[in-house]
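Just so you know, the protein sequences line up as chains A and B, in that order. If you're matching positions, the first sequence starts at 1 in the working numbering and goes up one per residue. If you're matching positions, the second sequence starts at 217 in the working numbering and goes up one per residue. Where is the CB? At the ideal position from N, CA and C, for every residue including glycine. Notes follow once the structure below has been shown.
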Amino acid sequence: MSLLTGPQLQFLFQGLLWTVVLSVMAFVGGGLLGFAVAILRVYGSAPVRNLTMLYIKLVQGTPLLVLLSLAYFGLPTLGLRIEPLTAAGLGLSIYVSAYLGEIWRGCIESVPRTQNEAAECLALSWRQRLAHVILPQAMRIATPPTVGFMVQIVKNTSLASAIGFVELARAGQVINNATFKPFITFMVIAALYFALCYPLSVWSRRLERKFHVANR
Amino acid sequence: MRYDFDFSAPLSYWPDFVAGAATTLGLSLAATVFGFLLGVLCALGTTGRSAWLARLCGIYVEAIRNTPLLVQIFIVYFGLASVGVKVDAFTAATAALVINVGAYTTEIVRAGINSIHPGQLEAAECLGLSRLQVLTRIVLPPAIERVYPALTSQYVLLMLASSITSQISAEELTAVANRIQSDTFRSVETYLIVAAAYLVLSLVMRLVFWAASYIAFPRRRRIGTPI
């Protein structure tokens, strides 16, 4: 079993780059949407709260692969032309928004209620209370689980390979099809994913420990 | 543009959907049972006395938790074939899912074991219980009861993740959907049906786990409060 050649490795690194791009897209898109979900879930009127909860349950109860397939194969039949990158970004953003929305809701709700009451007594408006009192504290609580969830995002971008987007996993499949050295190829792929995810895992754990110490 | 939804074409394939759902459930059940056993053993390994065993289990957990399931499935399926071990897609899928969920179970159960108060262990030792008895009667039952909700979520996620095994042509629900949508050209309808099916499956799984908790944990059955 010889190692991979230079051009093959180059192809893999290109895939790695696209994995990073897709992860960033999913995190930014899913983060924006997830923030809206979290805010609506906490501060919305009763029907809005129920609707966002339904959204979360629907997305969390559906496999990401099915979401991606719906975006990629479904939207064109509805008359929208869509590239694999857009479809993957869209599907991943929706998926991420449900999970991050739920994580952030928990963080917003774990800020002590008295903080909000005190801010209200100081005649701060809702927006001021949110921006200057609630969110700064919620963000501190939210950082470790959010970084932890980034690992999930990076890993889940591998499913974009199923709709033909050439990221790291797909690049591995292409190389495997040409060389038929599956073991070495996929081990290298796994190592590259590990190199992306492990620092995030360690960082998340370190943040968690720091947070626990700060709150003891 | 107008689009007329037509569910009749994909729905005429309903026996295939049912078969696919049954395969998904079979995969999930096998992976849940064996993954749970593997996870409990590794959790005992990480919390046990042997340092090298703990390190080995730690490496296993980190390696699995920081790489995508898809790549793990490829390594098991294509990797085994390349070293001459021929396995069918279903076996490879089950093996990959077991290895994957075993790592997550390890982490969850480890947290449960760590939450057991040391006084409990000392009391058990004072009563002259053997190490095996301490593990099976003092440590594991409350540890697993405490992390039971987390385990439930993990196994529901596993059921959803089993859709990834469609990539090595294990004929489960998503693979069936891929075939039907290319037969009927009704992709939106097909995937909506499948999404609904997964939703139902995850609700059923949660219900089963909830019911099982009342059989498995007598304390909860008697007084209805978690520890």
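Among the options, nearest to residue i - alpha-carbon criterion
i	options	result
A/Val28	A/Ala123, A/Leu207, A/Gly101, A/Pro182	A/Gly101
A/Glu167	A/Ser23, A/Phe180, A/Pro7	A/Ser23
B/Arg362	B/Ile329, B/Met421, B/Cys342, B/Phe290	B/Ile329
A/Ala142	A/Leu32, A/Leu51, A/Ser110	A/Ser110
B/Tyr407	B/Asn394, B/Ala225, B/Gly295	B/Asn394
A/Ile163	A/Pro136, A/Ile39, A/Ile82, A/Arg113	A/Ile82
B/Ala427	B/Ala413, B/Thr368, B/Glu388, B/Trp230	B/Thr368
B/Val299	A/Ile184, A/Ile153, A/Leu32, A/Val48	A/Ile184
B/Pro434	B/Thr283, B/Met421, B/Pro357	B/Pro357
B/Gly295	A/Lys181, A/Leu192, A/Leu196	A/Lys181
A/Ile273	A/Leu70, A/Thr146, A/Met150, A/Trp126	This structure gives no information on residue 273 of chain A, because the portion of chain A shown stretches from 1 to 216.
A/Ser204	A/Phe165, A/Asn177, A/Leu192, A/Gln152	A/Gln152
B/Leu276	A/His212, A/Tyr198, A/Val213	In the sequence as displayed, the identity of residue 276 of chain B is Tyr instead of Leu. Among A/His212, A/Tyr198, A/Val213, the Cα nearest to that of B/Tyr276 is on A/Tyr198.
B/Leu257	B/Cys273, B/Ala235, B/Ala267	B/Cys273
B/Asp399	B/Ser228, B/Tyr219, B/Asp220	B/Ser228
A/Gly91	A/Phe165, A/Glu117, A/Pro47, A/Ala46	A/Phe165
CB contact flag (residue i, residue j, <8 Å)
i	j	result
A/Phe194	A/Gly172	no
B/Gly318	B/Gly242	no
B/Asp232	B/Arg402	no
A/Ala87	B/Val287	no
A/Pro84	A/Tyr72	yes
A/Ala98	A/Tyr55	yes
B/Arg281	A/Ser158	no
A/Ala138	A/Ile108	yes
B/Thr240	B/Glu388	yes
A/Thr19	A/Val37	no
A/Val96	A/Gly34	yes
B/Ser224	B/Leu374	no
B/Leu415	A/Leu70	no
B/Val355	B/Ile332	yes
A/Glu120	A/Arg129	yes
A/Arg49	A/Arg105	no
A/Leu17	A/Ile175	no
Check: residue i C-beta below 7 Å from any heavy atom of the ligand MG
i	result
A/Ile153	The model on display carries no ligand, and the ligand MG is accordingly not part of it.
Integer Cβ distance of residue i from residue j, believed to fall under 8 Å
i	j	result
B/Ala359	B/Val325	7 Å
B/Thr322	B/Thr262	7 Å
A/Leu67	B/Ile380	A/Leu67 to B/Ile380, Cβ: 13 Å. No contact.
B/Ala237	B/Ala305	Not quite, the Cβ-Cβ distance comes to about 17 Å (not below 8 Å), so this is no contact.
B/Ser378	A/Gly61	Not really, about 14 Å apart at Cβ, beyond 8 Å.
B/Thr310	B/Ala247	6 Å
A/Ser93	A/Ala26	6 Å
B/Val177	B/Thr390	Because chain B in this structure spans residues 217 to 443, residue 177 of chain B falls outside the shown range and cannot be described.
B/Ser429	B/Tyr364	6 Å
A/Gly15	A/Arg170	7 Å
A/Glu208	A/Pro144	4 Å
Limits of the unbroken alpha helix (DSSP H) element including residue i
i	result
B/Leu423	403–432
A/Asn116	113–121
B/Gln370	356–377
A/Ile94	84–109
A/Phe13	6–43
B/Glu341	334–342
B/Asn282	From DSSP, B/Asn282 is part of no alpha helix (DSSP H); its letter is neither H nor E.
A/Tyr55	46–60
B/Asp220	Note, B/Asp220: premise wrong, no alpha helix (DSSP H); not H, not E.
A/Pro63	Premise fails: A/Pro63 is in no alpha helix (DSSP H) and is neither H nor E.
B/Ser398	389–400
A/Gln152	135–156
* Cβ-based contacts, 9 Å cut-off: residues of the segment 55–67 of chain A near chain D -> In the structure shown, chain D does not exist; the protein chains are A and B.
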